[in-house]
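All residue numbers in the sequence shown are consecutive under numbering that gives the first Met the number 0, ending with 453. From the three backbone atoms N, C-alpha and C, an ideal C-beta is built for every residue, glycine too. Quick caveat, the model's predicted, so the values are computed rather than measured. Everything on this sheet refers to the single structure shown next.
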Amino acid sequence: MKRTLLTALVLALTSITATAKVPVAEADKLKKELTPVGAERAANKDGSIPKWEGGLTKPPACYGGPGKRLCNPFPDDKPKFAITKANVEQYKAKLTDGQKALFAKFGQTYRMNVYQTRRSGAFPQFVYDATYKNALNAEIGGGGETVVNAILGIPYPIPKSGNEVMWNHKLRYRGVGADRWNIQAAVTTGGDFNLVKIREQVKFPYDSKTATPADLHNVSIYFLQSVASPPRLAGTITLVHETMDQVKEPRRAWQYNPGQRRLRRAPNVGYDNPGTGSDGLRTNDQFDMYNGATDRYTWKLIGKKEMYVPYNSYALHSDKLKYKDFVTKNHINPDHPRYELHRVWVVEANIKAGTTHIYQRRLFYVDEDTWQIVVVDNYDSRGALWRVQEGHLMQVYDGPREQLAPASALETVYDLISGRYLTLAMNNEEPETLERDYEVSFFDPSNVSKQATK
């Protein structure tokens with residue numbers, strides 16, 4: 000009996016691995032009917048989603064140069080129409096259940112301004128080249144928890160499973176590293192909020208043009224988060240080494256508490272433990288829409304749908320806006336978000352027997368052009384819709400730095416039960432995010448400990 004079960008397990012893992020890499024003929028679709036990262040190149044039937052023409056690869060005239068604020072490359076675009084509580088039934092087929100719930104709960108003020116679809120998603124050519132190689136070589140193992148033989152590009156541009164789509168999001172190209180401010184606001188039902196100011200420094204070794212899979216030493220991301228304010232949280236530091244093979248070694252994490260003045264291992268930095276400065280409105284794995292291990296869920300690839308999703312959200316990134324201008328009661332100010340019709344991959348996650356998470360079921364909507372998650376519906380243990388996430392996507396277009404990549408202008412988590420919500424990834428009143436190529440030693444626990452105690 001044991002031998003039979005072991006054989007079945009090996010066969011199951013082998014079948015998971017075999018679904019990843021594709022034959023040359025299928026990979027060659029990335030040069031023809033698919034974009035270089037696996038999206039459909041053609042327009043949809045009625046042309047409301049246009050053909051992909053290469054994306055936004057050059058800075059617009061309004062851009063002030065490297066290090067300056069990303070400006071809106073589509074300043075003359077006006078809304079085609081607005082979705083409101085009065086007409087939501089007309090558009091419900093292209094809205095998630097979570098989005099429809101926001102209209103039901105906040106219908107007097109909630110609105111989605113829908114603009115023409117701009118397929119701005121783009122990456123550098125070396126990312127496209129690496130993605131093609133990954134299509135031929137990348138495998139998935141460990142029950143979906145292990146990426147094998149992938150580097151730099153999208154690992155699974157022609158996905159066959161939900162796990163592969165999630166890895167595409169987690170390993171999408173974002174440059175070699177970044178230094179950014181992440182401002183969070185947990186908003187009360189009355190509209191009040193206090194800002195949490197966090198500095199984040201990150202290195203993406205997976206995105207190095209010269210790295211091989213062996214060079215990664217099983218780490219895809221180095222992440223250092225330091226809280227600057229409010230005073231009750233200031234000085235708190237979180238260090239994470241995100242692993243590629245999460246079966247071989249789970250995420251390495253440490254936290255520094257200024258009261259204890261020690262950097263300690265922190266195995267609770269992950270899954271459904273509360274996120275830093277979130278006032279309990281998001282879990283650790285909701286940061287960047289989703290991050291970390293996927294082993295507590297089964298992942299089903301539903302397919303593709305045309306949906307209204309937040310996109311080209313440069314207005315929300317403007318330094319002409321103060322946080323109080325768009326962090327308003329019940330939801331962000333609907334004058335500023337931009338929604339467009341795009342094709343998205345839909346992935347359903349259901350909790351595995353024998354594991355725990357505060358979200359029993361989750362539905363992820365992943366943009367086909369960038370592999371960035373743009374909407375998530377999260378359900379509680381009773382099966383009731385609980386929280387709705389939106390990632391307001393924009394394209395970083397600073398071509399001279401080869402920094403062609405998607406990014407979030409803003410992320411939101413709406414709690415439908417409490418009526419509260421959280422915003423994060425804001426930096427409107429802070430310096431613009433800078434690309435930086437950190438040394439790995441910068442993220443060594445001993446170095447972080449020294450810097451923290453100075």
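Please list the terminal residues of the continuous beta strand (DSSP E) segment that includes residue i.
{"i": "residue 165", "result": "Note, residue 165: premise wrong, no beta strand (DSSP E); alpha helix (DSSP H) at 161–169."}
{"i": "residue 237", "result": "236–242"}
{"i": "residue 354", "result": "Where residue 354 is concerned, there is no enclosing beta strand (DSSP E), given that its DSSP letter is neither H nor E."}
{"i": "residue 376", "result": "372–378"}
{"i": "residue 253", "result": "251–256"}
{"i": "residue 121", "result": "Residue 121 -> no beta strand (DSSP E), and no H or E assigned at all."}
{"i": "residue 68", "result": "Neither: residue 68 is in no beta strand (DSSP E) and is coded neither H nor E."}
{"i": "residue 541", "result": "The structure shown does not extend to residue 541, since the chain is modelled only from 0 to 453, so the question has no answer here."}
Reducing DSSP to helix, strand and coil, say where residue i ends up.
{"i": "residue 407", "result": "strand"}
{"i": "residue 215", "result": "helix"}
{"i": "residue 451", "result": "helix"}
{"i": "residue 228", "result": "strand"}
{"i": "residue 95", "result": "coil"}
{"i": "residue 17", "result": "Legend: pLDDT at residue 17 = 41, less than 50; position of this residue unreliable, no value from coordinates given."}
{"i": "residue 181", "result": "strand"}
{"i": "residue 446", "result": "helix"}
{"i": "residue 318", "result": "coil"}
{"i": "residue 77", "result": "coil"}
{"i": "residue 89", "result": "helix"}
{"i": "residue 222", "result": "strand"}
{"i": "residue 175", "result": "coil"}
{"i": "residue 186", "result": "strand"}
{"i": "residue 208", "result": "coil"}
{"i": "residue 147", "result": "strand"}
{"i": "residue 192", "result": "coil"}
{"i": "residue 415", "result": "coil"}
{"i": "residue 441", "result": "helix"}
{"i": "residue 366", "result": "strand"}
{"i": "residue 247", "result": "coil"}
{"i": "residue 31", "result": "coil"}
{"i": "residue 202", "result": "strand"}
{"i": "residue 54", "result": "coil"}
{"i": "residue 142", "result": "helix"}
Return the CA-CA distance between residue i and residue j, expressed in angstroms with no decimal places.
{"i": "residue 254", "j": "residue 168", "result": "26 Å"}
{"i": "residue 13", "j": "residue 49", "result": "Note that residue 13 scores a pLDDT of 39, beneath 50, so its modelled location is shaky and nothing firm can be said."}
{"i": "residue 439", "j": "residue 162", "result": "28 Å"}
{"i": "residue 111", "j": "residue 350", "result": "31 Å"}
{"i": "residue 345", "j": "residue 186", "result": "29 Å"}
{"i": "residue 321", "j": "residue 265", "result": "35 Å"}
{"i": "residue 374", "j": "residue 79", "result": "21 Å"}
{"i": "residue 199", "j": "residue 45", "result": "43 Å"}
{"i": "residue 19", "j": "residue 131", "result": "13 Å"}
{"i": "residue 27", "j": "residue 118", "result": "22 Å"}
{"i": "residue 291", "j": "residue 165", "result": "10 Å"}
{"i": "residue 155", "j": "residue 141", "result": "16 Å"}
{"i": "residue 325", "j": "residue 29", "result": "39 Å"}
{"i": "residue 233", "j": "residue 67", "result": "27 Å"}
{"i": "residue 281", "j": "residue 96", "result": "19 Å"}
{"i": "residue 256", "j": "residue 238", "result": "12 Å"}
{"i": "residue 23", "j": "residue 416", "result": "49 Å"}
{"i": "residue 43", "j": "residue 267", "result": "44 Å"}
{"i": "residue 340", "j": "residue 105", "result": "22 Å"}
{"i": "residue 201", "j": "residue 361", "result": "27 Å"}
{"i": "residue 356", "j": "residue 58", "result": "43 Å"}
{"i": "residue 435", "j": "residue 147", "result": "27 Å"}
{"i": "residue 300", "j": "residue 159", "result": "7 Å"}
{"i": "residue 51", "j": "residue 445", "result": "47 Å"}
{"i": "residue 387", "j": "residue 284", "result": "14 Å"}
Which residues share a DSSP beta bridge with residue i?
{"i": "residue 266", "result": "Paired residue(s): none; residue 266 is not in a bridge."}
{"i": "residue 288", "result": "Answer is none; residue 288 lacks a bridge partner."}
{"i": "residue 299", "result": "347"}
{"i": "residue 105", "result": "In the DSSP output, where bridge partners are listed per residue, residue 105 has none listed."}
{"i": "residue 434", "result": "177"}
{"i": "residue 304", "result": "343"}
{"i": "residue 112", "result": "81"}
{"i": "residue 49", "result": "For residue 49, which the question treats as bridged, DSSP gives no partner whatsoever."}
{"i": "residue 281", "result": "Bridge partners of residue 281: none, in fact."}
{"i": "residue 40", "result": "Paired residues: none, contrary to the question."}
{"i": "residue 338", "result": "113 and 309"}
{"i": "residue 261", "result": "256"}
{"i": "residue 197", "result": "181 and 226"}
Residue i lies in the alpha helix (DSSP H); which residues open and close that run?
{"i": "residue 130", "result": "124–136"}
{"i": "residue 394", "result": "Looking at the DSSP string, residue 394 is not in any alpha helix (DSSP H); the run it does join, the beta strand (DSSP E), is 384–397."}
{"i": "residue 23", "result": "23–26"}
Give a yes or no on whether the minimum CB-CB distance between residue i and chain C is below 9 Å.
{"i": "residue 298", "result": "Here there is only one protein chain, and chain C is not present."}
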